[in-house]
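The sequence shown stops at residue 304 when you use this note's numbering, and every number in between is there.
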Amino acid sequence: MQTNTINIKSISDLHRILGCAPPKHPSISFIRFSEMEVPDITDFGTIISTHFYIISLKTIAGKIKYGRNHYDFEEGTMMFTAPNQVLHPENLINDVKDVDGWGLFIQPELFHGTHLGQEIDSYSYFNYETNEALHLSIEEKEKITTTIQNIVSEYSQNLDQHSNSLILSNLEVLLNYCKRFYDRQFYTRSSNNKGIVLKVEKLLKAYFQSEKPHVLGLPTVKYCAEQLHLSPNYLSDLLKKETGKNTKEHIDYYLLEKAKNLLLSNELNIKEIAYDLGFESPKSFSKLFKKKLGVTPSIYKNTN
Numbered sequence: 001m002q003t004n005t006i007n008i009k010s011i012s013d014l015h016r017i018l019g020c021a022p023p024k025h026p027s028i029s030f031i032r033f034s035e036m037e038v039p040d041i042t043d044f045g046t047i048i049s050t051h052f053y054i055i056s057l058k059t060i061a062g063k064i065k066y067g068r069n070h071y072d073f074e075e076g077t078m079m080f081t082a083p084n085q086v087l088h089p090e091n092l093i094n095d096v097k098d099v100d101g102w103g104l105f106i107q108p109e110l111f112h113g114t115h116l117g118q119e120i121d122s123y124s125y126f127n128y129e130t131n132e133a134l135h136l137s138i139e140e141k142e143k144i145t146t147t148i149q150n151i152v153s154e155y156s157q158n159l160d161q162h163s164n165s166l167i168l169s170n171l172e173v174l175l176n177y178c179k180r181f182y183d184r185q186f187y188t189r190s191s192n193n194k195g196i197v198l199k200v201e202k203l204l205k206a207y208f209q210s211e212k213p214h215v216l217g218l219p220t221v222k223y224c225a226e227q228l229h230l231s232p233n234y235l236s237d238l239l240k241k242e243t244g245k246n247t248k249e250h251i252d253y254y255l256l257e258k259a260k261n262l263l264l265s266n267e268l269n270i271k272e273i274a275y276d277l278g279f280e281s282p283k284s285f286s287k288l289f290k291k292k293l294g295v296t297p298s299i300y301k302n303t304n
């Protein structure tokens, strides 16, 4: 069955679809769930793709289910969506009906030519999955609420030459607070995170002990994340907080450990080792080996 998609390209289109009053700013808007009049999904297809960033906060008393887990949380749960990600209308309808909250919608054009535009990709949580949402404490929710109020107050006034810079300044404060609160969440769930670190180590050891390098090539960040049911960005950020190395660095570490053992075994030549590890060519193997260890595979083999 063919899937229908509606592409919401502007803040104005979003307001019209949700039955809200026209936006006060062309590139940014704050909408409470209670103000939305979500139409039947058959009115516009089965999935939605938006052309803007979405920051949303949901508040619900009791337990919230994200993925396979339930969380006791009452103060607020924040989620972040990058442009052109797919949203399912039925989930949006349930959100609006069952919980209180709001959404902040930002068109990428607001960032063009600005410092924040150069830094926006560093806020990796925009590519996290739903079950990797940010759960706020009372104090954190208060900080977020105050910052949101500043943003709304600024764009609700008569716009002048200072408006966008002040809006962007407050947006950067908001994004940095969220980055800090995610760091806190990684820390408070450290015992669970250590379990994921061990799973990554076990996964990589098993990968290089199997025939997968011959079939699939080198393991990728995406592969590791999929095996652990996490988003690539979330896994890398979690590992970085716990070990100081992101997923790619973990892959390279186990790859090079395996390579060093094979080089010292004297059973295979460098070309055979490269293909045995999953490299496309001996040249790419030698390039990575020298970059990480400072010597070529041949020198390492002959001097150890």
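All residues carry an ideal CB built from backbone N, CA and C; glycine is no exception.
Please report how far the alpha carbon of residue i lies from the alpha carbon of residue j, in whole angstroms.
i	j	result
ILE305	SER27	Nothing about residue 305 can be read from this structure; the chain reaches only from 1 to 304.
SER281	MET36	55 Å
THR82	PHE126	Note that residue 82 corresponds to Ala in the displayed sequence, not to Thr. Roughly 5 Å separates the two Cα atoms.
GLU272	LYS194	35 Å
SER34	ILE17	15 Å
GLU139	GLY76	11 Å
ASP72	PHE80	The predicted position of ASP72 is uncertain, since its pLDDT is 45 and thus under 50; no value can be drawn from it.
THR247	HIS25	40 Å
GLU109	LEU198	42 Å
PRO22	TYR123	29 Å
ILE270	THR243	31 Å
THR303	PRO297	10 Å
THR59	SER137	12 Å
ASN4	PRO213	38 Å
ILE54	ASN84	11 Å
When you compare each of the options to residue i by their alpha carbons, which one comes out closest?
i	options	result
LYS141	PHE181, ILE273, ILE196 and LEU255	PHE181
ASN192	CYS178, LYS241 and ASN158	LYS241
THR145	ASN170, ASP121 and ASN7	ASN170
GLY278	LEU288, SER265, LEU218 and TYR234	LEU218
LEU288	ILE251, ASP237 and HIS25	ILE251
ILE8	THR50, CYS20 and HIS15	THR50
GLY103	GLU211, ALA133 and SER29	SER29
THR188	GLN149, HIS135 and ILE151	HIS135
LEU14	PHE105, SER210, ASN4 and MET78	PHE105
GLN209	ILE47, LEU255, ASP100 and CYS178	LEU255
ASN131	LYS143, LEU235 and TYR53	LEU235
LYS121	ASP100, LYS179 and ILE299	Here residue 121 turns out to be Asp, not Lys, going by the sequence shown. The candidate whose alpha carbon is nearest that of ASP121 is LYS179.
Considering only DSSP beta bridges, list what residue i is partnered with.
i	result
SER210	Answer is none; SER210 lacks a bridge partner.
THR130	Answer is none; THR130 lacks a bridge partner.
At which residues does the alpha helix (DSSP H) containing residue i begin and terminate?
i	result
THR296	Segment: none, THR296 is in no alpha helix (DSSP H) and carries neither H nor E.
GLY103	Taken as a continuous stretch (DSSP letters only), GLY103 belongs to no alpha helix (DSSP H), being part of the beta strand (DSSP E) at 100-106.
For the beta strand (DSSP E) containing residue i, list its first residue and its last residue.
i	result
ILE273	Careful: ILE273 lies outside any beta strand (DSSP E), inside the alpha helix (DSSP H) at 270-277.
ASN7	5-8
Three or more beta-carbon pairs under 8 Å between the segment 217-237 and the segment 98-116, yes or no? no
Is the segment 288-298 close to the segment 230-244, with three or more CB pairs under 8 Å? no
Are at least three pairs of beta-carbons, each pair with one atom in the segment 157-175 and one in the segment 197-217, less than 8 Å apart? no
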